[in-house]
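Visitor: Under the numbering used here, the residues of the sequence shown are numbered 231 to 582, in order.
For each residue, glycine too, the CB sits at the ideal point set by N, CA and C.
Keep in mind that this is a model prediction, so the values were computed, not measured.
Pasting a structure here, questions to come.
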Amino acid sequence: MKNQMRKLLLLILILPAHLIFSQESPIEEYLTKVEHLDHKGCIKSIFVEDSKFDKNEEKIDYLSKTYKIIYGSRGQIEKQLIYRADLQNPFKITTYDTLNRVSKVEINSEDGYGEILVSYFRDDLKDPDSIKIFSPEMKERRKYINHFNNDLLIRRDLFENDTLRYYTLFEYDSNNHLTKKLNINTKNGFGVINKLGNSTTKYLNPNDSTLYNYKEVGDTIIINKERYKGLVVTEKTYANDDVLINIEEQTSTVSGFTFQTRTNIKWNDSTKIQHKYYKDKNVLKSYYNTYIYEDRIISEGMYEIGQPEKREITYIETTSDKEGNWINKTFIRDKIVVEEINRTIEYCKELH
C-alpha cells in the first residue's frame, strides 16, 4: 500500500428501521464468524477455545466458542470446524475450494434437523450456478438457481419442492456496478398465514427493491444504497500504512438529524472503537469508547450526558510458543478472569 490516503469510501443506505434485510447470498446465513486466527509462519491448523466467564468465574456456555481451522498448502483456509459440547464431532463443517469459495456446509443438529448445503460453481465466478440444501439423508429441501449474463448475476430463483417461491433480479451500469436489486415474491411465496375458524388467509410479503448509485469525486467513491425512505446509513472508510478508519452514521431522512455514530480506528498496535448516541437536533445523549492495546482494554462511557463517566480496565496476559505465536490470552478485570482464549497450533513439517 502506498503512503497516501486510499480512496475514501462513502456508503449511503436508505431503508426503513423496521425492515429486515435479506441475505446478499443464501450461503451467508450458514456461515459462522471466527476470530483469533492471526499467526506467523506456515501452519496446518489452529484449534481455538474461547471461554467467557461470569463474575463468579463460572463458564458462560452460550457465549463461549470452540472451533478449528484447517489450512491448505498455499495458506488458504480449507475447512472450518465448529464445535459445541462434543469435541469429537463438530456441529458444523464448512469446506472451501481453492478460490476461497464455500463449496459445502454440513450442520449436524442434535434435534435431527441437520442440513447440508452444496454450492455448484463453474470456472472462477464468485457466485455459484446453483446452491442446494439437503437433509442429512441428502434429500433435497430447496435450491437456488443463479442466472448470468456475461458472467454477471442477473437473477436468482428459490425453489422448494420444484415450486418457484421467490426470485431476485439484478441490474448493472456500463461499468458493471450493481444499480438495482428487485425482490419478487410469487403467489407461492412467503407471507403470513391467518387462521380464523375454518377460514385460512395468506398475506404475501410485499415485493421490495434496492437502488444503487455509484459516483467518484476525486479520492472519494460514493455508493448510494436506497431502500424506501426512513433511515440513512453512511459509511466512510479510508486507510494508509499506519491507520485504518471506518465511520458509520445513522441519520433520519425525516428530520435530517443523526441519532447514532460508530467509529473504528485501527493502528498497527492498537484499536479505538467509539459509539455516540444523539437526542433530537444532534444533541449528544451518551457515548461509549473502547481502547484495545496488546496488554489491556480500556472501556469508558457516559450513559447519560451529565452523569459520572464509567471506566474499567481489562488486563491481558499473553503466553506465546517458541515460534512467536500466542497460544493463550487471559483477560482479567477487577482481579476476576472474564475470558480465556487457548490456541493449539499445528505447524508445517518444515518448521520442525
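#1: Less than 6 angstroms between C-beta atoms, sequence neighbours within five positions excluded: which residues of the same chain meet that for residue 264?
#2: How far does the beta strand (DSSP E) with residue 469 in it reach, from first residue to last?
#3: Pull up the distance between the alpha-carbon of residue 308 and that of residue 540, whole angstroms please.
#4: Just tell me which of 520, 536 and 471 has its CA closest to the CA of residue 529.
#5: What is the DSSP secondary structure of residue 282, counted as helix, strand or coil?
#6: Excluding the five sequence neighbours on either side, which residues of its own chain have a C-beta within less than 7 angstroms of the C-beta of residue 542, listed in chain order?
#7: Thinking C-beta only, is residue 301 closer than 7 angstroms to residue 322?
#8: If we ignore side chains and look at the alpha-carbon of each, how far apart do residue 572 and residue 489 end up?
#9: Compare the Cα-Cα distances from residue 337 to each of 324, 330, 331 and 257 and report the closest residue.
#10: Is the beta carbon of residue 257 sitting closer than 7 angstroms to the one on residue 332?
#11: Can you have a look at residue 310 and say buried or exposed, based on whether 16 or more other CB atoms are within 10 angstroms of its CB?
#12: Rounded C-beta distance between residue 294 and residue 284? I'm assuming under 8 angstroms.
#13: What does residue 519 pair with, by DSSP beta-bridge criteria?
#14: Distance check for residue 363 and residue 391, CA to CA, integer angstroms please.
#15: In the DSSP assignment, find the beta strand (DSSP E) that holds residue 363 and state where it starts and stops.
#16: For residue 330, which three-state DSSP category applies?
#17: Would you mind giving the Cβ-Cβ distance between residue 560 and residue 567, rounded to the nearest angstrom? I have them listed as a contact below 8 angstroms.
#18: What does DSSP give as the partner residue(s) for residue 476 in the beta ladder?
#19: By DSSP, does residue 552 sit in helix, in strand, or in coil?
#20: Can you tell me whether residue 487 is buried or exposed, with buried defined as 16 or more other CB within 10 angstroms of its CB?
#21: Could you check if residue 549 is buried or exposed, using at least 16 other CB atoms within 10 Å of its CB as the buried criterion?
#22: Report the start-end ranges of each beta strand (DSSP E) in the stretch 391 to 420 that is 3 residues or longer and not cut off at the edges.
#23: Tell me the DSSP bridge mates of residue 537?
#24: What's the C-alpha gap between residue 558 and residue 261?
#25: Can you give me the C-alpha to C-alpha distance between residue 378 and residue 413, rounded to a whole angstrom?
Guide: So, from the data block:
#1: Result list for residue 264: 297, in chain order.
#2: 461 to 469
#3: For residue 308 and residue 540, the distance between alpha carbons rounds to 44 angstroms.
#4: Selected option, being the one with the closest Cα: 520.
#5: It is a strand residue.
#6: 529 and 563
#7: no
#8: 39 angstroms
#9: Ranking 324, 330, 331 and 257 by Cα distance to residue 337 puts 324 first.
#10: Yes.
#11: Residue 310 is buried by the Cβ-count criterion.
#12: Actually they are not in contact, since the Cβ atoms of residue 294 and residue 284 sit about 11 angstroms apart, beyond 8 angstroms.
#13: 504 and 530
#14: 12 angstroms
#15: For residue 363, the enclosing beta strand (DSSP E) has its first and last residue at 360 to 364.
#16: Under the three-state reduction of DSSP output, residue 330 falls in the coil class, being neither helix nor strand.
#17: 6 angstroms
#18: 467 and 494
#19: In the structure shown, residue 552 sits in coil (DSSP, three-state: anything other than H, G, I, E or B).
#20: Residue 487 counts as exposed, since fewer than 16 other C-beta atoms from the protein chains shown sit within 10 angstroms of its C-beta.
#21: So residue 549 ends up on the exposed side.
#22: 393 to 402 and 408 to 415
#23: 535
#24: 25 angstroms
#25: 17 angstroms
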